[in-house]
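Visitor:
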Ligand SMILES: Nc1ncnc2c1ncn2[C@@H]1O[C@H](COP(=O)(O)OP(=O)(O)OP(=O)(O)O)[C@@H](O)[C@H]1O
Ligand SMILES: [Mg+2]
């Protein structure tokens, strides 16, 4: 699904990634770890197609429509409601039976009651839950999740655990985290980055 | 067809954001009204039609610039450009939708500004209104494109006018020409050609603006 060879990225003089090899087969689940500033986000952005490597090659067997990317930013509009945000992405991703799918996800992530509230009024954890809804909305083949557990409470983390377990094997997943023990039961591979 | 729907969804989002935040249109309205009031008191005696036409276009251009500078603010402040770029729609749809939304704000500002101009200075003929419409198209097409380029840089507030004003000079020349001469056909044709040319260029190359 995703193959990276000798991947490198530099910002000006600064070398962020160097010589990364990554093979993520269809249905695989690779966990990326590393200290702050190791380049996890940089690698995931390259894998999602948001950035270009400066060295090496990356091959992705998933079209843009098949990628679900969760970054540090929720990528939702604060002045819009949860429903309006998901409506927008649902339209852009041409999600079939959009309303039902959106309702189901909001329900599952405990945001149904707050669906008509502006995201600006959401707590950080609620915003993260909405970001997860956004990522899962179009049922992507390839999930690229950058610290998906951040800001989630225990219940939220359990919801995400259940969701990932459900998709395990069916979908491909690349996940960066500071708590690899938590997702170890799901992982098929690991990649440790160092500064 | 899906392209039209993508543009519709994106433009609808911009209108909705403006409706909620009211960041752009009130500022444009206040600005253009203030310019006319200041001109009215700053100009000695009764200025000729030729002179006030120049002021009209100065007012329109800078009001547009105000709107263009704010066009990508939601995307910048909330970093949602990544979300739009990742979506499977054609990237030019992002440009087209943003241009249409900006055009709507500019047109709304002008609906107030033009009668105000007529009240303070001179009436406007059909050719002038046609020139305004054609100029708006060009301004929004080019300005949105440059706005997207400028928004990723640190000096965006400086860069947008710096890039936009030179490129807008042909619009000013064509629009002033169409407003003041007796047979404005050639000037209007020139404006239409400018719009077409730049719209095609922006449409075709927007992909490269949003690529990293
Ligand atoms: N746009 C950029 N320009 C310059 N340097 C950058 C840019 N983006 C990231 N970096 C640098 O690249 C390095 C890796 O950053 P990255 O965000 O990928 O780390 P990370 O592993 O995700 O860290 P964290 O655990 O804090 O999220 C950092 O040293 C950072 O300063
Ligand atoms: Mg990171």
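Protein chains in written order, with my numbering: chain A, 1 to 195; chain B, 1001 to 1212. Where is the CB? At the ideal position from N, CA and C, for every residue including glycine. The model shown is predicted, which means the values in this text are computed figures rather than measured ones.
Taking 8 Å as the threshold, find out whether the stretch 1008-1016 of chain B comes into contact with the stretch 50-69 of chain A through three or more Cβ pairs.
Guide: With the rule of 3 Cβ pairs closer than 8 Å, the stretch 1008-1016 of chain B does not count as touching the stretch 50-69 of chain A.
Visitor: Tell whether a beta-carbon distance below 8 Å holds between residue 33 (chain A) and residue 190 (chain A).
Guide: Yes, these two residues count as a Cβ contact at 8 Å.
Visitor: State yes or no: is the beta carbon of residue 1063 (chain B) nearer than 8 Å to at least one beta carbon in chain A?
Guide: no
Visitor: Which runs of the alpha helix (DSSP H), 4 residues or longer, sit entirely within the stretch 103-175 of chain A?
Guide: 124-136, 154-167
Visitor: Per the contact definition of three or more C-beta pairs closer than 8 Å, is the stretch 1183-1194 of chain B in contact with the stretch 1121-1133 of chain B?
Guide: yes
Visitor: Could you tell me which residues DSSP pairs with residue 29 (chain A) in its beta bridges?
Guide: A:173
Visitor: Out of B:1198, B:1160, B:1202, which one is the CA nearest neighbour of residue 1061 (chain B)?
Guide: B:1160
Visitor: Could one say the Cβ of residue 1025 (chain B) lies closer than 8 Å to chain A's Cβ atoms, at least one of them?
Guide: no
Visitor: When every heavy atom of ligand 2 is checked, does at least one fall within less than 7 Å of the C-beta of residue 179 (chain A)?
Guide: no
Visitor: With residue 19 (chain A) as the anchor, note down where its beta strand (DSSP E) starts and where it stops.
Guide: Following the DSSP letters along the chain, one finds residue 19 (chain A) inside the beta strand (DSSP E) bounded by residues 14-24.
Visitor: Please report how far the alpha carbon of residue 1094 (chain B) lies from the alpha carbon of residue 1007 (chain B), in whole angstroms.
Guide: Between residue 1094 (chain B) and residue 1007 (chain B), the C-alpha separation is close to 7 Å.
Visitor: If you pair each beta-carbon of the stretch 1075-1083 of chain B with each one of the stretch 1113-1122 of chain B, do three or more pairs fall below 8 Å?
Guide: no
Visitor: Please state if the CB of residue 1194 (chain B) and the CB of residue 1177 (chain B) are separated by a distance shorter than 8 Å.
Guide: In this structure, residue 1177 (chain B) sits away from residue 1194 (chain B), with a CB-CB distance that is not shorter than 8 Å.
Visitor: Identify which residue in A:131, A:195, A:178 has its Cα closest to the Cα of residue 31 (chain A).
Guide: Among A:131, A:195, A:178, the Cα nearest to that of residue 31 (chain A) belongs to A:178.
Visitor: Report all residues for which the CB-ligand distance to some heavy atom of ligand 2 is below 7 Å; order them along the chain.
Guide: A:40, A:41, A:72, A:146, A:147, A:176
Visitor: Consider the Cβ of residue 1011 (chain B): report whether some Cβ of chain A lies at a distance smaller than 8 Å.
Guide: Not a single C-beta of chain A is nearer than 8 Å to the C-beta of residue 1011 (chain B).
Visitor: Restricting to runs no shorter than 4 residues, where is the alpha helix (DSSP H) found entirely within the stretch 1022-1106 of chain B?
Guide: 1025-1042, 1049-1071, 1073-1077, 1081-1086
Visitor: Evaluate residue 128 (chain A) with the Cβ neighbour count: other Cβ atoms within 10 Å of its Cβ, from every protein chain shown; 16 or more gives buried, anything less gives exposed.
Guide: buried
Visitor: What do you reckon, are the CB atoms on residue 115 (chain A) and residue 82 (chain A) nearer than 8 Å?
Guide: yes
Visitor: Let me see if you follow: with CB-CB separation under 8 Å, is residue 147 (chain A) close to chain B or not?
Guide: no
Visitor: For residue 1002 (chain B), which residues in chain A fall below 8 Å Cβ to Cβ?
Guide: 94
Visitor: Would you mind stating whether residue 169 (chain A) and residue 27 (chain A) have Cβ atoms separated by less than 8 Å?
Guide: yes
Visitor: By the 9 Å beta-carbon criterion, what residues does the stretch 171-186 of chain A contribute toward chain B?
Guide: Result list empty, no residue passes.
Visitor: Taking just the CA atoms, how far does residue 19 (chain A) sit from residue 76 (chain A)?
Guide: Answer to the nearest angstrom: the Cα atoms are 33 Å apart.
Visitor: Would you kindly work out how many angstroms separate the C-alpha atoms of residue 140 (chain A) and residue 1028 (chain B), rounded to a whole number?
Guide: Distance between the alpha carbons of residue 140 (chain A) and residue 1028 (chain B) is about 41 Å.
Visitor: Name the DSSP bridge partner or partners of residue 60 (chain A)?
Guide: A:2
Visitor: Within 8 Å of any Cβ in chain A, is that where the Cβ of residue 1074 (chain B) sits?
Guide: Against chain A, the CB of residue 1074 (chain B) has a partner CB under 8 Å away; the residue lies at that interface.
Visitor: Pick out whichever of A:9, A:62, A:15, A:37 has its Cα sitting closest to the Cα of residue 25 (chain A).
Guide: A:62
Visitor: Would you tell me roughly how many angstroms separate the C-alpha atoms of residue 1067 (chain B) and residue 1092 (chain B), rounded to the nearest one?
Guide: 20 Å
Visitor: Along chain B, in chain order, which residues have C-beta atoms closer than 7 Å to that of residue 215 (chain A)?
Guide: Outside the modelled stretch of chain A, which goes from 1 to 195, sits residue 215 (chain A), for which no answer is possible.
Visitor: May I ask which residues mark the beginning and end of the alpha helix (DSSP H) holding residue 193 (chain A)?
Guide: Note, residue 193 (chain A): premise wrong, no alpha helix (DSSP H); not H, not E.
Visitor: What separation, rounded to the nearest whole angstrom, lies between the Cα atoms of residue 1034 (chain B) and residue 1118 (chain B)?
Guide: 15 Å
Visitor: What distance in whole Å lies between the Cβ atoms of residue 1140 (chain B) and residue 1102 (chain B), which are believed to be in contact at a cut-off of 8 Å?
Guide: 5 Å
Visitor: Starting from the Cα of residue 107 (chain A), find the closest Cα among A:91, A:79, A:137, A:93 and give me that residue.
Guide: A:137
Visitor: So residue 50 (chain A) contacts chain B; which residues on that side make the cut at Cβ distance below 8 Å?
Guide: What residue 50 (chain A) touches in chain B: 1082, 1085, 1086, 1212.
Visitor: Using a threshold of 7 Å, is the CB atom of residue 68 (chain A) nearer than that to any non-hydrogen atom of ligand 1?
Guide: In terms of side-chain proximity, the C-beta atom of residue 68 (chain A) is found no nearer than 7 Å to any non-hydrogen atom of ligand 1.
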